[in-house]
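Enquirer:
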Amino acid sequence: MNKKEFWQTILSDLQVSISKPIFQTLFSQTELQSLEKNVATIGCPNPYIQKMIEGRYYSLLKEIIDRRTKKDNSLLFIIAKPKKKGKLREVGPLFESKAKKTKKKAFDKETGLNPRYTFTTFVVGNSNNFAHAAARAIVQNPGSAYNPFFIWGGVGVGKTHLMQAIGQAIAEQHPDLKVLYCSSETFTNELVYALQSKTISRFKKKYRGVDILLVDDIQFIAGKEYIQEEFFHTFNTLHMSSKQIVLSSDRKPEEIPKTEQRLTSRFMGGLTVDIQPPDYEMRVAIIKQKCQEKNGQMEEQAIDFLAQRVTTNARELEGILFRILTRAESQNQKPDLEFVRNFLGVKTKTEPKKVSPRRVISQVAKHFNIKTSDLLGSCRKARLVLPRQVTMYLLREDLELPLMKIGEILGGRDHTTIIHGVDKISQKFSSDADLRHEIMLIKEKLYE
Ligand code: ADP
Ligand code: MG
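For the sequence shown, our numbering gives the first residue as 1, with consecutive numbering after it.
#1: Buried or exposed for F107, please, with buried defined as at least 16 other CB atoms from any protein chain shown within 10 angstroms of its CB.
#2: Tell me the start and end of each unbroken alpha helix (DSSP H) in the region 360-444 that is at least 4 residues and wholly inside, in chain order.
#3: Take the Cβ of H161 as the centre, count every other Cβ of all protein chains shown within 10 Å, and call the residue buried at 16 or more, exposed below.
#4: How would you call R388, buried or exposed, if buried means at least 16 neighbouring beta carbons within 10 angstroms?
#5: Just to confirm, does T160 get its C-beta within under 8 Å of one of the non-hydrogen atoms of ligand 2?
#6: Applying the 10 Å Cβ sphere with the 16-neighbour rule, what's the burial state of C379?
#7: Grouping DSSP H, G and I as helix and E and B as strand, with all else coil, what is I245?
#8: How should V91 be labelled, buried or exposed, when 16 other C-beta atoms within 10 angstroms of its C-beta is the threshold for buried?
#9: Grab me the residues of E96's own chain with a C-beta within less than 8 Å of its C-beta, minus the 5 sequence neighbours each way, in chain order.
#10: Suppose the cutoff is 7 Å on Cβ atoms and the five residues either side in sequence are ignored; what does the same chain contact list for I370 look like?
#11: What whole-angstrom Cβ distance do I212 and L177 have, given they're in contact under 8 Å?
#12: Within 10 angstroms of its Cβ, does E300 collect 16 or more other Cβ (buried), or is it exposed?
#13: Could you tell me whether any non-hydrogen atom of ligand 2 is closer than 8 Å to the CB of S34?
#14: At a cut-off of 8 Å, is D274 close to ligand 3 when judged by its beta-carbon and the heavy atoms of the ligand?
#15: Using a Cβ-Cβ cutoff of less than 6 Å, which residues in the same chain neighbour R208 once the five nearest sequence positions on both sides are dropped?
#16: Got a sec: does ligand 1 put a non-hydrogen atom nearer than 8 Å to the Cβ of D216?
#17: Would the region 143-156 and the region 191-199 be scored as touching if the rule is three or more Cβ pairs under 8 Å?
#18: For the region 303-310 and the region 281-294, state whether three or more C-beta atom pairs, one from each stretch, are separated by less than 8 Å.
#19: For a minimum of 4 consecutive residues, which ranges assigned as the alpha helix (DSSP H) are wholly contained in the region 231-296?
#20: Just the Cα atoms here: how many angstroms apart are A454 and L375?
#21: Sorry if obvious, but does the Cβ on Y280 come closer than 8 Å to a heavy atom of ligand 1?
#22: As an exercise, report each continuous beta strand (DSSP E) stretch of at least 3 residues that is fully enclosed by the region 188-222, in chain order.
#23: Would you mind giving the Cβ-Cβ distance between L75 and A40, rounded to the nearest angstrom? I have them listed as a contact below 8 Å.
#24: Taking the beta strand (DSSP E) that V124 belongs to, which residues open and close that run?
#25: Which residues in the same chain as K71 place their Cβ atom closer than 8 Å to its Cβ, once the five residues preceding and following it in sequence are excluded?
#26: Please report the distance separating the alpha-carbon of G86 from that of L61.
#27: Is G154 helix, strand or coil when you go by DSSP?
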């Protein structure tokens, strides 16, 4: 089945569940752009429809796609005008096969682009899918989708990677457009040099003469008045002629200290997105992606263990993974579970740290923002059901406590109630990504 046929099947399924007018208005002009790595990218004709579908029909659509693919997918909605005559337009490097065929170029001094960082190698998941979707929209409509596009987030979460991917994809899909990527430090250094060497007009020509300007780590211009002044004018010149500006920072625009108000408000004038640290699923996907890039092999159990252990950010995960792969290779060993455990200094025999039932209870209560007494009590309020079942699940699956014991701990509940609760969560665990995410968050706290 090709993409188009597949999408028709999904739309037919969907028609069963929603009214005809809604279907016509919202879905008739959608198309499947790609379906890879469990991410279905869906093109919508305009931002209004994109918002409506994403806001109201995300779970329904996901359920249908998941059922058809028998996988747990994430959905991304991007703006993409359907081609006339119903022909699907392939959006460049969205499609891996195409992207792989393009020859690897070296780091390009002129554009500042590093071919390592592309959309193909960028793992998409809960913590960055919005940023990713917006980035793709920008590639399709540079200068008009969102301008400026401001990406913020902590270290190592993939800001540079995403910016680079935008630059690269634009350079590929719009070869007539001039792309320039730099860090705000480079901008600063070049400006200082231009002033000293009296080559300021060359500097201006360089930065104001591009079609796409991507400036990484813009927070470094904090407190540098002259640099801010020059950047302000660069920004305005480009913005006025609808040239795309992409910026990144380690914090929100309004939180960058010692920055002129007029500049901050420019930064906030387009779309601001954040990237959060990767969740467990993304960490697994990132490990797999990096293994593939390095031609390294790692078995599932070892990947799972590493993803459970290294919870900070993609950069750290990547660093540790590379060290593991290198050491395994130099010692002529397989990087299996045992190897990874040893590497991380965890003894094979002991389980990843014992936690007490108390700790589980207080962590679940904290996560769901309820009192432990309510969690353990007999009140039948609906909002207590899920936290109780999650507690049962964790006590059973993680702490491996007997059912009777769990019943006792949870304020004298019958063991059949416990079985029911554990089953309920186990079933949902494989189908409900949100729940899985919540449980992962709780577990991260439990074992930290
Ligand atoms: P930041 O600029 O936010 O500090 P980077 O973009 O430099 O982070 O990312 C650090 C490393 O982690 C890079 O090698 C990058 O390829 C990798 N990385 C980050 N996020 C992802 C992702 N979503 N998919 C694949 N690799 C990622
Ligand atoms: Mg960076």
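All C-beta atoms, glycine included, are put in the ideal place defined by N, C-alpha and C.
Expert: Straight from the coordinates:
#1: exposed
#2: 372-376, 385-393, 403-409, 415-431
#3: buried
#4: buried
#5: yes
#6: exposed
#7: strand
#8: Bear in mind that the predicted position of V91 carries a pLDDT of just 41, short of 50, making it unreliable; the figure below should be weighed with that in mind. With 16 or more other Cβ atoms within 10 Å, it is buried.
#9: In this prediction, E96 has a pLDDT of 41, which is less than 50 and means its spatial position is unreliable; what the coordinates show is noted afterwards. Cβ within range, chain order: E36, T120.
#10: L384, P387
#11: 6 Å
#12: exposed
#13: no
#14: As for ligand 3, it is missing from this structure, which binds only ligand 1 and ligand 2.
#15: T234, T237
#16: yes
#17: no
#18: yes
#19: 261-267, 280-294
#20: The first residue shown for the chain is 1 and the last is 448, placing residue 454 beyond what the model contains.
#21: no
#22: 212-216
#23: 5 Å
#24: First-last for V124: undefined, no H or E at that position.
#25: N38
#26: With a pLDDT of only 41 at G86, under the threshold of 50, the placement of this residue in the model should not be trusted; the figure read from the coordinates follows. About 21 Å.
#27: coil
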